[in-house]
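S.K.: Per the numbering used here, residue 1 is the first one in the sequence shown, and the count goes up by one each step.
Ideal Cβ positions, reconstructed from N, Cα and C, are used throughout, including at glycine.
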Amino acid sequence: MMRKSILNKGKFITFEGIDGCGKSTQVRMLVDKLQQFDLNVVTVREPGGTRISESIREILLYRDTHELGERTEALLMTASRAQVTKEVIDPALEEGQWVVADRYADSTLAYQGGGRNITIDWLEKLNQFATYETVPDLTFYIDVLPNIGKERQNSRLDRIEQAGLEFQERARNIYLKLAERYSERFIVIDGHKDIESIHHNIWKELEKRLLEK
Ligand code: ADP
Ligand code: TYD
1 MMRKSILNKG KFITFEGIDG CGKSTQVRML VDKLQQFDLN VVTVREPGGT
51 RISESIREIL LYRDTHELGE RTEALLMTAS RAQVTKEVID PALEEGQWVV
101 ADRYADSTLA YQGGGRNITI DWLEKLNQFA TYETVPDLTF YIDVLPNIGK
151 ERQNSRLDRI EQAGLEFQER ARNIYLKLAE RYSERFIVID GHKDIESIHH
201 NIWKELEKRL LEK
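1) If residue 56 sits next to residue 79, beta carbons under 8 Å apart, how far is it from one beta carbon to the other, in whole angstroms?
2) Is there at least one non-hydrogen atom of ligand 1 closer than 6 Å to the beta-carbon of residue 20?
3) May I ask you to report which of helix, strand or coil DSSP gives residue 45?
4) Quick one: residues in its chain with C-beta nearer than 6 Å to the C-beta of residue 165, no 5 flanking neighbours on either side, listed in chain order?
5) Compare the Cα-Cα distances from residue 182 to each of 111, 106, 49, 94 and report the closest residue.
6) Can you give me the Cβ contacts of residue 179 inside the same chain, cut-off strictly under 7 Å, excluding the 5 residues immediately before and after it?
7) Tell me whether the beta-carbon of residue 41 lies closer than 7 Å to the beta-carbon of residue 31.
8) Would residue 4 be called buried (16 or more neighbouring beta carbons within 10 Å of its own) or exposed?
9) Note down the Cα distance separating residue 202 from residue 103, rounded to an integer number of angstroms.
Laid out in structure tokens, this is it:
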């Protein structure tokens, strides 16, 4: 059972992982569970989550933009993030609401850093700027092998999903490094288990980490 005091304070929880790891499924289940406690929960997905950010998402993922350069990609990902942070995430946290995000700044480190080979230091700076220095309280990183993620994806792949298995492998390697570097907020969840067990593990970790604070 959660203590009353932590229910009164807004928390920022992010979900991360390679494509097809099962994030969106777990976001939905966690949000349902939090709402059972009568919490006000705001959900966002990245890139996206505001009118402007969803337009940027179209350019990044679905339009015929094969010529998009890797730095343009990084700037658009972070531009989308700046908008959703200012318009949705920061105001909600200030009001004491909980925010659950399907991807946030760590995705840029994994995908544009690992995937596209952009220097991590630059991306860290870009993220700092784009997030207004907002940092998640908890990050659930759902770890799966790239071939498992691929099996779980539907057949209509977006531009980044089309980059292939080695790209996902490089992104995964960065996530695993981030989990070590930011161990105070990163929780590695084994994504190979069944959906209910993963949800159970996430809930257990959330209770433990937030109650101990
Ligand atoms: P993501 O948001 O990480 O791309 P989704 O949550 O959309 O992943 O899941 C992709 C697909 O895999 C969906 O069809 C979902 O039902 C399925 N899936 C999610 N988690 C699991 C799991 N633990 N085991 C098997 N299939 C899963
Ligand atoms: P997502 O909406 O999670 O796709 P799906 O639900 O189909 O897994 O993410 C869209 C894609 O954008 C995904 O391939 C990861 C990529 N991405 C980046 O490359 N950098 C970023 O900073 C973010 C937020 C996403």
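M.R.: Inspection of the coordinates gives the following:
1) 6 Å
2) yes
3) Residue 45: strand per DSSP, three-state reduction.
4) So the list reads 146, once near-sequence residues are dropped.
5) 106
6) 141, 186, 188
7) Yes, these two residues count as a Cβ contact at 7 Å.
8) Because residue 4 carries a pLDDT of 41, less than 50, the predicted location of this residue cannot be relied on, and the following value inherits that uncertainty. With fewer than 16 Cβ atoms within 10 Å of its Cβ, residue 4 is classed as exposed.
9) Rounded to the nearest angstrom, the gap between the Cα atoms of residue 202 and residue 103 is 16 Å.
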